[in-house]
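Below is one structure; the comments refer to it alone.
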Amino acid sequence: MEPALLNEVPSLDLADFTSGDAQRKEQFVKDLGAAFTNIGFVAIKNHGLSDALRNDLYENVKQFFSQPDDVKKKYEFPELFGQRGYIGKGKETAKGFKVADLKEFYHVGQPEPVGQMPSNIFPEEFPDFKKYTLEVYHTFENTGKTLLRAIAIYLDLPEDYFEDKVKNGDSLLRALHYFPIPNPELVPEGAVRAAAHGDINLITLLMGASAEGLEVLRRDGEWIAITALPDQIVVNVGDMLDRLTNHKLKSTIHRVVNPPREKMGTSRYSIPFFMHPRADMDLTSLESCVTAEQPKLYTDMTAGEFLDERLRELGLKK
19 MEPALLNEVP
29 SLDLADFTSG
39 DAQRKEQFVK
49 DLGAAFTNIG
59 FVAIKNHGLS
69 DALRNDLYEN
79 VKQFFSQPDD
89 VKKKYEFPEL
99 FGQRGYIGKG
109 KETAKGFKVA
119 DLKEFYHVGQ
129 PEPVGQMPSN
139 IFPEEFPDFK
149 KYTLEVYHTF
159 ENTGKTLLRA
169 IAIYLDLPED
179 YFEDKVKNGD
189 SLLRALHYFP
199 IPNPELVPEG
209 AVRAAAHGDI
219 NLITLLMGAS
229 AEGLEVLRRD
239 GEWIAITALP
249 DQIVVNVGDM
259 LDRLTNHKLK
269 STIHRVVNPP
279 REKMGTSRYS
289 IPFFMHPRAD
299 MDLTSLESCV
309 TAEQPKLYTD
319 MTAGEFLDER
329 LRELGLKK
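Pasting the structure below:
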């Protein structure tokens, strides 16, 4: 029997998992698994990110994006395929869409790069930008590892299954600016802040945005608005985890819609953390997730191969 359709994402408390109480931990794992098999999204409190740190980061992000284009473009390096530094307006187009999203963003990656990973690039005009993005990166990386432990238990894997796969992983902190549109009538037909898409990675951790607009596509084709309470972050399944679990855990399509016409002249800021494994992780679907009722859906590939394929589809890599 199909699980019930949800009108909002379930809310969970990460302290239940880390409390040392076996019963609370078990219930958290069960509830997280139920949310991820149903709608692919959950709201989490006690995630380790303080209000002060979130506010400091947003202030620095707003400061950077308020700079003239010639300042921002100093930190744009096309040869990095959008994996580090600034990515300008009109550069990313969602898979299957012809019109670029109405956004610009800045990527901060693994602070301790290994192998082929590029080093981070930081705007020298704003030293605090580096300080706060790295602090949030480390916070969310730790929170993500804790959530992956819960996911591993739900999948009947060893609790530390993901640990070596995400150590020095390819995770990205993305500071997003959905810029004001002073002349909405000049926007290309079909252009939105973020067209419908699934995330590439294992899981995404998203702190509260500066304005509403995030919507999730439910199983029945209905779009529902997602808003986290001030003390929550929103966490969702990415395509890599969907592949690994043969669509048992659902990477759900979501989008950021344009605001009402009277608010088109305002900015929206959002900061997701995309938790990636290292490029060599094997995403072959787990045998336990392949059954007669749910035959294998995906071809075998590594995380690096999958990321490369998606960067080309997004137009960031030619």
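According to the working numbering, the sequence shown is numbered sequentially starting from 19. Cβ atoms here follow ideal geometry from the backbone N, Cα and C, with glycine treated the same way. Since the model is a prediction, treat every value here as computed from it, not as a measurement.
query	result
Nearest-angstrom Cβ-Cβ length linking G162 and L223, presumed shorter than 8 angstroms	6 angstroms
Classification of N73 by the beta-carbon crowding that lies within 10 angstroms, buried from 16 upward	exposed
Contacts around S285, its chain only, beta-carbon distance under 7 angstroms, and the 5 residues preceding and following it disregarded	H195, Y196, F197 and P198
Proximity winner among Y316, G108, G127 and L173, relative to L339 (alpha-carbon distances)	The displayed coordinates of the chain run from 19 to 336. Any statement about residue 339 would go beyond what the structure contains.
Minimum C-alpha distance to R192 - residue among N64, K183, L267 and Y76	Y76
Length of the line joining the Cα atoms of F158 and V252	12 angstroms
Stretch pair the region 208-225 + the region 304-314: three plus CB contacts closer than 8 angstroms	no
Supposed contact pair V89 and A168 - C-beta distance, whole angstroms, cut 8 angstroms	Not a contact, Cβ separation roughly 42 angstroms.
Separation of F99 from S189, as counted between CA atoms	15 angstroms
Own chain residues within Cβ distance below 8 angstroms of R328, not counting five before or after	K113, I218 and D257
As assigned by DSSP and simplified to three states, the class of G256	coil
Ordered list of beta strand (DSSP E) runs contained in the region 22-100, each at least 3 residues	29-31 and 59-63
V132, buried or exposed, once every other Cβ within 10 Å from all chains shown has been counted against 16	exposed
Outcome for A22 when other beta-carbon atoms lying within 10 angstroms are tallied against a minimum of 16	exposed
L165, enclosing alpha helix (DSSP H) - first and last residue	P145 to Y172
Alpha carbon of L175 to alpha carbon of F35, nearest angstrom	16 angstroms
Start and end residues, beta strand (DSSP E) containing A214	A212 to H215
Cβ pair P295, V126 closer than 7 angstroms	no
Under the three-state DSSP convention, the category E122 falls into	strand
Under 7 angstroms between C-beta atoms of A213 and F59	no
Residue closest to Q250, alpha-carbon to alpha-carbon, out of E207, T151, M225 and A170	M225
Residues bridged to P290 [DSSP beta-bridge criterion]	L224
Extent of the continuous beta strand (DSSP E) run through R192	L190 to Y196
Beta-carbon gap between G106 and E94 smaller than 7 angstroms	yes
Straight-line gap, E280 to V274 (C-alpha atoms, nearest Å)	17 angstroms
Start and end residues, alpha helix (DSSP H) containing A209	Counting along the chain, A209 falls outside any alpha helix (DSSP H), and DSSP gives it neither H nor E.
L194: CB within 6 angstroms of a non-hydrogen atom of the ligand ADP	The ligand ADP is not among the ligands present in this structure, which contains no ligands whatsoever.
Own chain residues within Cβ distance below 7 angstroms of I244, not counting five before or after	V27, F59, L232, E233, V234 and V252
Beta-carbon proximity list for L332, same chain, < 6 angstroms, skipping 5 on both sides	E110
Buried/exposed call for H338, threshold 16 Cβ in 10 Å	Shown here, the chain extends from 19 to 336; a query on residue 338 therefore has no answer.
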